[in-house]
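Trainee: A single structure is presented below for examination.
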Amino acid sequence: MKPIPYGRQDISKEDVLAVQEVLNSDWLTQGPAIEQFEKVVAEYCGAKYAVAVTSATAALHIGCLALDLGFSGVLWTTPNTFVASANCGRYCGAKVDFVDIDPLTYNMSVTALEEKLELAKRNGELPNVLIPVHFSGQSCEMERIAELSKIYGFKIIEDASHALGGSYKDTKVGSCEYSDMTVFSFHPVKIITTGEGGMILTNRRELYERLVRLRSHGITRDYDLVQGNSDGPWHYQQIELGYNYRMTDIQAALGVSQMVRLDKFVERRNRLAERYNKALKDLPLLLPWQRPEVYSAYHLYVIQLKLDELVKSRKEVFDELRSMGINVNVHYIPVHTQPYYQKLGFNEGDFLQAEKYYAGAITLPLYYGLSEEDQDYVLNKVKEVVR
(Lines of atoms letter the chains of each structure in order from A and count residues from 1; the text may use other names and numbers.)
(Lines give C-alpha, C1' and ligand atoms only; values in the text may rest on other atoms or scores of the structure.)
Protein backbone atom coordinates (compact mmCIF):
# COMPACT_ATOMS: atom_id res chain seq x y z
CA MET A 1 0.00 0.00 0.00
CA LYS A 2 1.25 3.47 -0.87
CA PRO A 3 2.09 5.51 2.26
CA ILE A 4 -0.57 8.00 3.35
CA PRO A 5 0.97 11.44 4.03
CA TYR A 6 -0.31 13.76 6.76
CA GLY A 7 -0.85 16.50 4.15
CA ARG A 8 -0.70 16.79 0.38
CA GLN A 9 -1.40 19.30 -2.39
CA ASP A 10 -4.16 18.72 -4.95
CA ILE A 11 -3.23 19.72 -8.51
CA SER A 12 -5.88 19.71 -11.24
CA LYS A 13 -5.62 19.87 -15.02
CA GLU A 14 -6.79 23.47 -14.79
CA ASP A 15 -3.87 24.24 -12.46
CA VAL A 16 -1.40 22.78 -14.92
CA LEU A 17 -2.92 24.73 -17.82
CA ALA A 18 -2.77 27.97 -15.83
CA VAL A 19 0.94 27.46 -15.21
CA GLN A 20 1.56 26.50 -18.84
CA GLU A 21 -0.15 29.67 -19.99
CA VAL A 22 2.28 31.77 -17.96
CA LEU A 23 5.26 29.75 -19.18
CA ASN A 24 4.23 30.60 -22.74
CA SER A 25 3.67 34.28 -21.95
CA ASP A 26 6.03 37.25 -21.81
CA TRP A 27 5.98 37.39 -18.01
CA LEU A 28 7.48 34.76 -15.74
CA THR A 29 7.84 37.18 -12.81
CA GLN A 30 6.75 40.72 -11.87
CA GLY A 31 3.89 40.40 -14.35
CA PRO A 32 0.07 40.60 -14.29
CA ALA A 33 -0.54 37.25 -12.58
CA ILE A 34 0.78 38.68 -9.30
CA GLU A 35 -1.79 41.45 -9.09
CA GLN A 36 -4.51 39.06 -10.19
CA PHE A 37 -3.67 36.62 -7.39
CA GLU A 38 -3.50 39.43 -4.83
CA LYS A 39 -6.88 40.75 -5.96
CA VAL A 40 -8.54 37.33 -5.81
CA VAL A 41 -7.33 36.61 -2.27
CA ALA A 42 -8.08 40.13 -0.96
CA GLU A 43 -11.62 40.06 -2.38
CA TYR A 44 -12.25 36.57 -1.01
CA CYS A 45 -11.17 37.62 2.49
CA GLY A 46 -12.75 41.06 2.41
CA ALA A 47 -9.48 42.97 2.83
CA LYS A 48 -8.48 46.09 0.90
CA TYR A 49 -4.90 45.16 0.01
CA ALA A 50 -2.73 42.07 -0.47
CA VAL A 51 0.98 41.61 -1.15
CA ALA A 52 2.23 38.27 -2.53
CA VAL A 53 5.69 37.14 -1.41
CA THR A 54 8.00 34.13 -1.50
CA SER A 55 6.75 32.56 1.75
CA ALA A 56 4.72 33.19 4.88
CA THR A 57 8.06 33.65 6.67
CA ALA A 58 8.88 36.52 4.31
CA ALA A 59 5.41 37.96 4.91
CA LEU A 60 5.90 37.86 8.68
CA HIS A 61 9.31 39.49 8.32
CA ILE A 62 8.23 42.46 6.23
CA GLY A 63 5.06 42.76 8.27
CA CYS A 64 7.18 43.34 11.36
CA LEU A 65 9.39 45.79 9.47
CA ALA A 66 6.37 47.71 8.20
CA LEU A 67 5.32 48.18 11.84
CA ASP A 68 8.83 49.51 12.63
CA LEU A 69 9.75 46.62 14.92
CA GLY A 70 13.45 47.00 15.66
CA PHE A 71 16.24 46.37 18.16
CA SER A 72 14.43 48.11 21.00
CA GLY A 73 11.16 46.33 20.22
CA VAL A 74 9.36 43.35 21.72
CA LEU A 75 7.32 40.70 19.91
CA TRP A 76 5.05 38.15 21.58
CA THR A 77 3.66 35.01 19.96
CA THR A 78 2.61 31.51 20.97
CA PRO A 79 5.04 28.63 21.72
CA ASN A 80 2.75 26.25 19.80
CA THR A 81 3.75 27.21 16.29
CA PHE A 82 6.46 26.76 13.71
CA VAL A 83 9.59 28.73 14.59
CA ALA A 84 8.95 31.31 11.84
CA SER A 85 6.27 33.02 13.95
CA ALA A 86 8.96 33.94 16.48
CA ASN A 87 11.97 34.19 14.20
CA CYS A 88 10.48 37.13 12.31
CA GLY A 89 10.94 39.23 15.44
CA ARG A 90 14.55 38.12 15.78
CA TYR A 91 15.21 39.05 12.13
CA CYS A 92 14.33 42.60 13.15
CA GLY A 93 16.59 42.46 16.20
CA ALA A 94 13.64 42.52 18.60
CA LYS A 95 13.20 40.63 21.85
CA VAL A 96 10.80 37.68 21.57
CA ASP A 97 8.54 36.25 24.27
CA PHE A 98 5.65 33.82 24.36
CA VAL A 99 2.11 33.51 25.71
CA ASP A 100 0.93 30.05 26.77
CA ILE A 101 -1.90 28.25 24.99
CA ASP A 102 -5.52 27.47 25.76
CA PRO A 103 -5.75 23.73 26.59
CA LEU A 104 -8.91 23.31 24.48
CA THR A 105 -8.09 25.18 21.25
CA TYR A 106 -4.26 25.02 21.42
CA ASN A 107 -4.30 28.68 20.36
CA MET A 108 -2.89 31.56 22.37
CA SER A 109 -4.78 31.81 25.66
CA VAL A 110 -6.45 35.21 25.96
CA THR A 111 -6.56 34.77 29.75
CA ALA A 112 -2.81 34.16 29.86
CA LEU A 113 -2.29 37.09 27.48
CA GLU A 114 -4.26 39.48 29.67
CA GLU A 115 -2.36 38.42 32.78
CA LYS A 116 1.00 38.74 31.02
CA LEU A 117 0.09 42.18 29.64
CA GLU A 118 -0.85 43.50 33.07
CA LEU A 119 2.45 42.28 34.51
CA ALA A 120 4.39 43.68 31.54
CA LYS A 121 2.70 47.06 32.00
CA ARG A 122 3.84 47.22 35.62
CA ASN A 123 7.38 46.30 34.56
CA GLY A 124 7.47 48.63 31.54
CA GLU A 125 7.95 45.73 29.10
CA LEU A 126 4.83 45.77 26.94
CA PRO A 127 5.06 44.22 23.46
CA ASN A 128 5.12 46.31 20.30
CA VAL A 129 3.78 43.49 18.13
CA LEU A 130 1.64 40.45 18.92
CA ILE A 131 1.43 37.49 16.53
CA PRO A 132 -1.49 35.20 17.40
CA VAL A 133 -1.33 31.97 15.38
CA HIS A 134 -4.52 30.33 14.11
CA PHE A 135 -3.32 26.83 14.87
CA SER A 136 -4.63 24.00 12.66
CA GLY A 137 -6.99 26.43 10.91
CA GLN A 138 -9.03 27.64 13.90
CA SER A 139 -9.01 31.40 14.47
CA CYS A 140 -7.83 32.78 17.79
CA GLU A 141 -10.24 34.89 19.87
CA MET A 142 -9.45 37.93 17.78
CA GLU A 143 -12.14 40.26 19.10
CA ARG A 144 -10.81 40.02 22.65
CA ILE A 145 -7.21 40.29 21.43
CA ALA A 146 -8.12 43.44 19.46
CA GLU A 147 -9.72 44.94 22.57
CA LEU A 148 -6.52 44.29 24.52
CA SER A 149 -4.44 45.89 21.76
CA LYS A 150 -6.36 49.14 22.23
CA ILE A 151 -5.79 49.07 25.98
CA TYR A 152 -2.09 48.15 25.89
CA GLY A 153 -1.04 49.73 22.59
CA PHE A 154 0.41 46.81 20.63
CA LYS A 155 -0.01 46.04 16.91
CA ILE A 156 -1.38 42.71 15.64
CA ILE A 157 -0.22 40.43 12.81
CA GLU A 158 -2.43 37.36 12.47
CA ASP A 159 -0.40 34.31 11.48
CA ALA A 160 -3.14 32.59 9.51
CA SER A 161 -0.81 30.24 7.64
CA HIS A 162 -3.19 27.39 8.52
CA ALA A 163 -6.46 29.26 8.15
CA LEU A 164 -7.17 30.43 4.58
CA GLY A 165 -10.84 29.67 3.94
CA GLY A 166 -11.76 29.71 7.62
CA SER A 167 -14.08 32.18 9.35
CA TYR A 168 -14.40 33.95 12.68
CA LYS A 169 -17.72 35.46 13.79
CA ASP A 170 -19.06 35.08 10.22
CA THR A 171 -16.11 37.06 8.83
CA LYS A 172 -13.42 35.46 6.68
CA VAL A 173 -10.02 35.04 8.25
CA GLY A 174 -7.86 37.60 6.46
CA SER A 175 -10.37 40.46 6.58
CA CYS A 176 -8.06 42.21 9.09
CA GLU A 177 -11.13 43.41 10.98
CA TYR A 178 -9.31 42.70 14.25
CA SER A 179 -5.70 43.20 13.20
CA ASP A 180 -3.23 45.36 11.32
CA MET A 181 -2.20 42.54 8.98
CA THR A 182 -2.88 38.87 8.25
CA VAL A 183 -0.40 36.37 6.81
CA PHE A 184 -1.15 33.26 4.73
CA SER A 185 1.08 30.38 3.60
CA PHE A 186 0.85 28.54 0.28
CA HIS A 187 3.26 25.69 1.08
CA PRO A 188 2.19 22.39 -0.57
CA VAL A 189 0.62 20.97 2.63
CA LYS A 190 -1.48 24.11 3.24
CA ILE A 191 -5.08 24.72 2.14
CA ILE A 192 -4.05 25.94 -1.34
CA THR A 193 -0.55 25.94 -2.78
CA THR A 194 1.71 27.94 -5.06
CA GLY A 195 4.59 25.51 -4.50
CA GLU A 196 6.16 27.90 -2.04
CA GLY A 197 4.71 31.30 -1.32
CA GLY A 198 2.89 33.55 1.07
CA MET A 199 0.75 36.66 1.25
CA ILE A 200 0.12 39.50 3.65
CA LEU A 201 -3.19 41.36 3.77
CA THR A 202 -4.05 44.73 5.32
CA ASN A 203 -6.67 47.45 5.22
CA ARG A 204 -4.16 50.23 5.80
CA ARG A 205 -2.89 51.99 2.67
CA GLU A 206 0.38 53.15 4.24
CA LEU A 207 1.24 49.61 5.34
CA TYR A 208 0.42 48.24 1.90
CA GLU A 209 2.69 50.73 0.15
CA ARG A 210 5.56 49.98 2.49
CA LEU A 211 5.08 46.21 2.19
CA VAL A 212 5.32 46.51 -1.60
CA ARG A 213 8.63 48.38 -1.25
CA LEU A 214 10.05 45.99 1.35
CA ARG A 215 9.19 43.05 -0.93
CA SER A 216 11.43 44.46 -3.65
CA HIS A 217 14.66 45.86 -2.21
CA GLY A 218 13.06 48.97 -0.70
CA ILE A 219 12.76 50.45 -4.20
CA THR A 220 10.10 52.91 -5.35
CA ARG A 221 9.13 54.62 -8.61
CA ASP A 222 6.57 56.81 -6.84
CA TYR A 223 7.37 60.42 -7.76
CA ASP A 224 5.96 61.58 -4.43
CA LEU A 225 8.67 59.59 -2.63
CA VAL A 226 11.60 60.09 -5.00
CA GLN A 227 14.20 62.55 -3.72
CA GLY A 228 15.33 65.25 -6.13
CA ASN A 229 14.43 65.26 -9.81
CA SER A 230 13.56 62.19 -11.83
CA ASP A 231 16.00 61.26 -14.60
CA GLY A 232 13.16 59.88 -16.73
CA PRO A 233 10.48 57.15 -16.86
CA TRP A 234 13.10 54.50 -16.05
CA HIS A 235 14.06 56.23 -12.79
CA TYR A 236 13.81 54.42 -9.45
CA GLN A 237 15.26 54.97 -6.01
CA GLN A 238 15.99 52.72 -3.06
CA ILE A 239 14.60 54.64 -0.10
CA GLU A 240 15.01 51.93 2.57
CA LEU A 241 16.56 48.50 3.02
CA GLY A 242 14.27 45.87 1.51
CA TYR A 243 14.51 42.29 0.33
CA ASN A 244 13.98 40.17 -2.76
CA TYR A 245 10.77 38.51 -1.57
CA ARG A 246 8.94 38.63 -4.90
CA MET A 247 6.64 35.78 -5.90
CA THR A 248 6.82 34.62 -9.55
CA ASP A 249 3.94 34.77 -12.02
CA ILE A 250 4.26 30.99 -12.34
CA GLN A 251 3.39 30.61 -8.66
CA ALA A 252 0.70 33.28 -8.76
CA ALA A 253 -1.06 31.64 -11.71
CA LEU A 254 -1.19 28.38 -9.79
CA GLY A 255 -2.56 30.28 -6.80
CA VAL A 256 -5.34 31.93 -8.83
CA SER A 257 -6.36 28.55 -10.20
CA GLN A 258 -6.30 26.93 -6.76
CA MET A 259 -8.48 29.69 -5.28
CA VAL A 260 -11.35 28.54 -7.51
CA ARG A 261 -11.55 25.36 -5.40
CA LEU A 262 -10.74 26.85 -1.98
CA ASP A 263 -14.22 26.50 -0.49
CA LYS A 264 -14.43 22.94 -1.80
CA PHE A 265 -11.05 22.15 -0.21
CA VAL A 266 -12.12 23.48 3.19
CA GLU A 267 -15.55 21.84 3.07
CA ARG A 268 -13.92 18.47 2.38
CA ARG A 269 -11.43 18.93 5.22
CA ASN A 270 -14.27 19.67 7.63
CA ARG A 271 -16.17 16.61 6.46
CA LEU A 272 -13.12 14.38 6.98
CA ALA A 273 -12.52 15.92 10.41
CA GLU A 274 -16.11 15.10 11.39
CA ARG A 275 -15.57 11.48 10.33
CA TYR A 276 -12.49 11.36 12.56
CA ASN A 277 -14.46 12.87 15.44
CA LYS A 278 -17.24 10.27 15.24
CA ALA A 279 -14.96 7.28 14.84
CA LEU A 280 -12.41 8.20 17.53
CA LYS A 281 -14.67 9.59 20.26
CA ASP A 282 -14.61 6.49 22.49
CA LEU A 283 -10.84 6.00 22.46
CA PRO A 284 -8.36 7.27 25.08
CA LEU A 285 -7.74 10.37 23.00
CA LEU A 286 -8.41 14.09 23.30
CA LEU A 287 -9.93 15.25 20.00
CA PRO A 288 -9.82 18.75 18.49
CA TRP A 289 -12.37 21.19 19.91
CA GLN A 290 -13.75 24.10 17.92
CA ARG A 291 -15.14 27.32 19.35
CA PRO A 292 -18.78 27.87 18.23
CA GLU A 293 -18.02 31.20 16.53
CA VAL A 294 -15.27 29.64 14.39
CA TYR A 295 -15.33 27.76 11.10
CA SER A 296 -11.94 26.07 10.87
CA ALA A 297 -10.01 25.61 7.66
CA TYR A 298 -8.75 22.35 9.23
CA HIS A 299 -5.21 22.46 7.96
CA LEU A 300 -4.35 19.87 10.61
CA TYR A 301 -6.21 17.23 12.59
CA VAL A 302 -4.35 16.74 15.85
CA ILE A 303 -5.18 14.15 18.49
CA GLN A 304 -3.70 14.05 21.96
CA LEU A 305 -3.00 10.67 23.51
CA LYS A 306 -4.30 10.25 27.06
CA LEU A 307 -0.98 8.80 28.09
CA ASP A 308 -2.14 7.96 31.62
CA GLU A 309 -4.71 5.57 30.07
CA LEU A 310 -2.28 3.94 27.63
CA VAL A 311 0.46 1.36 28.12
CA LYS A 312 2.35 2.79 25.13
CA SER A 313 4.37 5.97 24.85
CA ARG A 314 3.69 8.62 22.23
CA LYS A 315 6.82 7.52 20.35
CA GLU A 316 5.64 3.90 20.29
CA VAL A 317 2.24 4.91 18.90
CA PHE A 318 3.91 7.21 16.36
CA ASP A 319 6.38 4.52 15.23
CA GLU A 320 3.71 1.83 14.92
CA LEU A 321 1.50 4.04 12.76
CA ARG A 322 4.45 4.99 10.58
CA SER A 323 5.34 1.29 10.16
CA MET A 324 1.80 0.76 8.85
CA GLY A 325 2.29 3.32 6.10
CA ILE A 326 0.50 6.15 7.89
CA ASN A 327 2.89 9.12 7.85
CA VAL A 328 1.64 10.84 10.98
CA ASN A 329 3.51 13.92 12.19
CA VAL A 330 3.78 16.14 15.27
CA HIS A 331 2.85 19.85 15.34
CA TYR A 332 4.64 21.52 17.08
CA ILE A 333 7.68 21.23 19.30
CA PRO A 334 7.23 24.29 21.57
CA VAL A 335 9.42 27.06 20.18
CA HIS A 336 10.83 28.06 23.58
CA THR A 337 12.36 24.57 23.98
CA GLN A 338 14.44 24.89 20.81
CA PRO A 339 18.20 25.24 21.50
CA TYR A 340 18.35 28.67 19.85
CA TYR A 341 15.67 30.06 22.15
CA GLN A 342 17.08 28.33 25.20
CA LYS A 343 20.30 30.24 24.53
CA LEU A 344 18.16 33.38 24.80
CA GLY A 345 17.08 32.38 28.30
CA PHE A 346 13.98 30.22 27.85
CA ASN A 347 13.67 26.86 29.62
CA GLU A 348 11.43 23.83 29.67
CA GLY A 349 8.68 24.49 32.17
CA ASP A 350 8.20 28.12 31.11
CA PHE A 351 4.93 27.46 29.24
CA LEU A 352 3.35 24.41 30.77
CA GLN A 353 0.17 24.14 28.71
CA ALA A 354 2.13 24.13 25.44
CA GLU A 355 4.51 21.52 26.80
CA LYS A 356 1.67 19.34 28.10
CA TYR A 357 -0.07 19.55 24.73
CA TYR A 358 3.12 18.64 22.86
CA ALA A 359 3.79 15.58 25.03
CA GLY A 360 0.76 13.74 23.65
CA ALA A 361 0.13 15.32 20.25
CA ILE A 362 0.03 13.38 16.97
CA THR A 363 -1.17 14.80 13.64
CA LEU A 364 -3.27 12.41 11.56
CA PRO A 365 -3.56 12.57 7.75
CA LEU A 366 -5.96 15.26 6.51
CA TYR A 367 -6.04 16.70 3.01
CA TYR A 368 -8.52 17.24 0.18
CA GLY A 369 -7.55 14.12 -1.76
CA LEU A 370 -7.72 11.77 1.24
CA SER A 371 -10.25 9.10 0.25
CA GLU A 372 -12.71 7.70 2.77
CA GLU A 373 -11.19 4.28 2.10
CA ASP A 374 -7.73 5.54 3.11
CA GLN A 375 -9.21 7.41 6.08
CA ASP A 376 -10.95 4.22 7.22
CA TYR A 377 -7.60 2.45 7.04
CA VAL A 378 -6.09 5.17 9.23
CA LEU A 379 -8.98 4.90 11.68
CA ASN A 380 -8.73 1.13 11.94
CA LYS A 381 -5.00 1.27 12.57
CA VAL A 382 -5.30 4.05 15.16
CA LYS A 383 -7.88 1.98 17.02
CA GLU A 384 -5.68 -1.07 16.79
CA VAL A 385 -2.60 0.74 18.10
CA VAL A 386 -4.11 2.72 20.97
CA ARG A 387 -6.22 -0.18 22.27
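Numbering (this note's numbering), first residue to last: 6 to 392. For glycine and all other residues, C-beta sits at the position ideal for the given N, C-alpha and C.
1. May I have the straight-line CA-CA distance separating Leu371 from Leu326, to the nearest angstrom?
2. Quick one: grab the DSSP three-state call for Asn282.
3. Looking only at C-alpha atoms, which of Leu290, Phe76, Val104 sits nearest to Tyr96?
4. Whole angstroms are fine: how far does the CA of Tyr241 sit from the CA of Arg215?
5. Is the separation between the beta-carbon of Ala57 and that of Leu206 shorter than 8 Å?
6. Does the distance from the C-beta atom of Val333 to that of Tyr11 stay below 8 Å?
7. For Arg210, tell me which candidate among Ile9, Leu72, Leu369 has the shortest Cα-Cα distance.
8. Taking buried to mean at least 16 other C-beta atoms within 10 Å of its own C-beta, is Ser114 buried or exposed?
9. Name the residue from Met204, Ser190, Ser141, Lys348 whose alpha carbon lies nearest to the alpha carbon of Arg274.
10. Any idea which residues DSSP pairs Phe103 with across the strands?
11. Taking 7 Å as the limit between beta carbons, can you name the residues of its chain near Ser262, skipping five residues before and five after?
12. So which of Pro238, Trp294, Ser318 has the shortest CA-CA distance to Val307?
13. Taking DSSP as the reference, what is the three-state secondary structure of Tyr345?
14. Specify, as a first and last residue, the run of the alpha helix (DSSP H) that Phe189 falls within.
15. Is Leu212 helix, strand or coil when you go by DSSP?
16. When we look at the beta-carbon of Pro137 and count the other beta-carbons within 10 Å, is it buried (16 or more) or exposed?
17. According to DSSP, which residues form a beta bridge with Ala55?
18. Could you give the first and the last residue of the continuous beta strand (DSSP E) run that contains Glu163?
19. Taking DSSP's pairing of strands, which residues face Pro10 in a bridge?
20. May I ask you to verify whether the region 24 to 44 touches the region 167 to 176, counting CB pairs closer than 8 Å and requiring at least 3?
21. Taking all protein chains shown into account, do 16 or more other C-beta atoms lie within 10 angstroms of the C-beta of Val316, making it buried, or fewer, making it exposed?
22. Quick one: Cα of Glu163 to Cα of Thr187, how far?
23. In this structure, what does DSSP give as the bridge partners for Arg251?
24. Taking a contact to mean a Cβ-Cβ separation below 8 Å, would you say Asp185 touches Ile161 in this structure?
25. Under 6 Å Cβ to Cβ from Gly68, same chain only, skipping five residues before and after it: list those, please.
26. Would DSSP call Gln295 helix, strand or coil?
27. How far does the beta strand (DSSP E) with Ile308 in it reach, from first residue to last?
28. With a Cβ-Cβ cutoff of 8 Å, do Gly202 and Phe191 count as a contact?
29. What's the gap between the Cα of Ala366 and the Cα of Trp239?
30. Would the beta-carbon of Pro132 fall within 8 Å of that of Phe159?
31. Could you tell me which uninterrupted beta strand (DSSP E) segments, each at least 3 residues in length, are contained entirely in the region 349 to 380, listed from first to last along the chain?
32. In three-state DSSP terms, what is Gln242?
33. Using only alpha-carbon positions, find the residue among Leu70, Leu230, Ala278 that is nearest to Tyr300.
34. Candidates Asp107, Cys145, Leu109, Ser90: which alpha carbon is nearest Lys100's?
Mentor: In short:
1. One-based indexing of the sequence shown puts residue 371 at position 366. One-based indexing of the sequence shown puts residue 326 at position 321. Their backbone Cα atoms lie some 15 Å apart in a straight line.
2. As a working mapping, residue 282 is identified with position 277 in the sequence shown. Helix.
3. Counting from one through the sequence shown, the residue named residue 96 turns up at place 91. It is Phe76 whose Cα lies nearest to the Cα of Tyr96.
4. What you label residue 215 is simply residue 210 of the sequence shown in a count that begins at 1. What you label residue 241 is simply residue 236 of the sequence shown in a count that begins at 1. About 15 Å.
5. The sequence position of residue 57 within the sequence shown is 52, counting from 1. The sequence position of residue 206 within the sequence shown is 201, counting from 1. The answer is no: Cβ separation not under 8 Å.
6. Within the sequence shown, numbered from 1, the residue matching residue 333 stands at position 328. Within the sequence shown, numbered from 1, the residue matching residue 11 stands at position 6. In this structure, Tyr11 lies closer than 8 Å to Val333 by Cβ.
7. Counting from 1 along the sequence shown, the entry for residue 210 is found at position 205. Here the closest residue by C-alpha is Leu72.
8. Stepping through the sequence shown from its first residue, residue 114 is reached at position 109. Looking at its Cβ environment, which holds 16 or more other Cβ atoms inside 10 Å, Ser114 is buried.
9. By one-based count along the sequence shown, residue 274 stands at place 269. It is Ser141 whose Cα lies nearest to the Cα of Arg274.
10. Against the sequence shown, residue 103 aligns to sequence position 98. Beta-bridge pairing links Phe103 to Thr82.
11. The residue you call residue 262 lines up with position 257 of the sequence shown. Answer for Ser262: Glu19, Asp20, Ala23, listed in chain order.
12. For the purposes of this step, residue 307 is identified with residue 302 of the sequence shown, where counting begins at 1. Closest by alpha carbon: Trp294.
13. Along the sequence shown, read from residue 1 onward, the residue named residue 345 stands at position 340. In the structure shown, Tyr345 sits in a helix (DSSP, three-state: H, G or I).
14. Residue mapping note: residue 189 aligns to position 184 of the sequence shown, counting from 1. Element bounds for Phe189: not the alpha helix (DSSP H) but the beta strand (DSSP E), 186 to 190.
15. As a first step, residue 212 is located in the sequence shown; it is residue number 207 there, counting from the start. In the structure shown, Leu212 sits in a helix (DSSP, three-state: H, G or I).
16. As a working note, residue 137 is residue 132 in the sequence shown. Per the 10 Å Cβ criterion, buried.
17. Numbered from its first residue, the sequence shown carries residue 55 at position 50. According to DSSP, Ala55 bridges with Leu206.
18. One-based indexing of the sequence shown puts residue 163 at position 158. Glu163 -> beta strand (DSSP E) spans 160 to 164.
19. Residue numbering aside, residue 10 sits at position 5 when the sequence shown is read from its first letter. Paired residue(s): Asn332.
20. no
21. Position 311 of the sequence shown, counting from 1, holds the residue named residue 316. Result: exposed.
22. Reading the sequence shown from its first residue, position 158 is the one you call residue 163. Reading the sequence shown from its first residue, position 182 is the one you call residue 187. Distance between the alpha carbons of Glu163 and Thr187 is about 5 Å.
23. Along the sequence shown, one-based indexing puts residue 251 at 246. Val58, per the DSSP bridge assignment.
24. Counting from one through the sequence shown, the residue named residue 185 turns up at place 180. Counting from one through the sequence shown, the residue named residue 161 turns up at place 156. Yes.
25. On the sequence shown, residue 68 is found 63 positions in, with the first residue counted as 1. These residues qualify, in order along the chain: Ile162, Met186, Ile205.
26. Taking the sequence shown and counting its residues from 1, the one referred to as residue 295 is at position 290. Coil, per DSSP.
27. Here residue 308 corresponds to residue number 303 of the sequence shown, with the count starting at 1. Per DSSP, Ile308 belongs to the beta strand (DSSP E) from 306 to 310.
28. Within the sequence shown, residue 202 is the residue found at index 197, counting from 1. Within the sequence shown, residue 191 is the residue found at index 186, counting from 1. Going by C-beta atoms, Gly202 is nearer than 8 Å to Phe191.
29. Start at 1 with the first residue of the sequence shown, and residue 366 comes out as number 361. Start at 1 with the first residue of the sequence shown, and residue 239 comes out as number 234. About 55 Å.
30. For the purposes of this step, residue 132 is taken as residue 127 along the sequence shown, with counting starting at 1. For the purposes of this step, residue 159 is taken as residue 154 along the sequence shown, with counting starting at 1. A contact, by the Cβ cut-off of 8 Å.
31. 366 to 369
32. Residue 242 sits at position 237 when you count from the first residue of the sequence shown. Gln242: strand per DSSP, three-state reduction.
33. Against the sequence shown, residue 300 aligns to sequence position 295. Of Leu70, Leu230, Ala278, the residue nearest in Cα terms is Ala278.
34. In the sequence shown, the residue the question calls residue 100 occupies position 95. The shortest C-alpha separation from Lys100 is found at Ser90.
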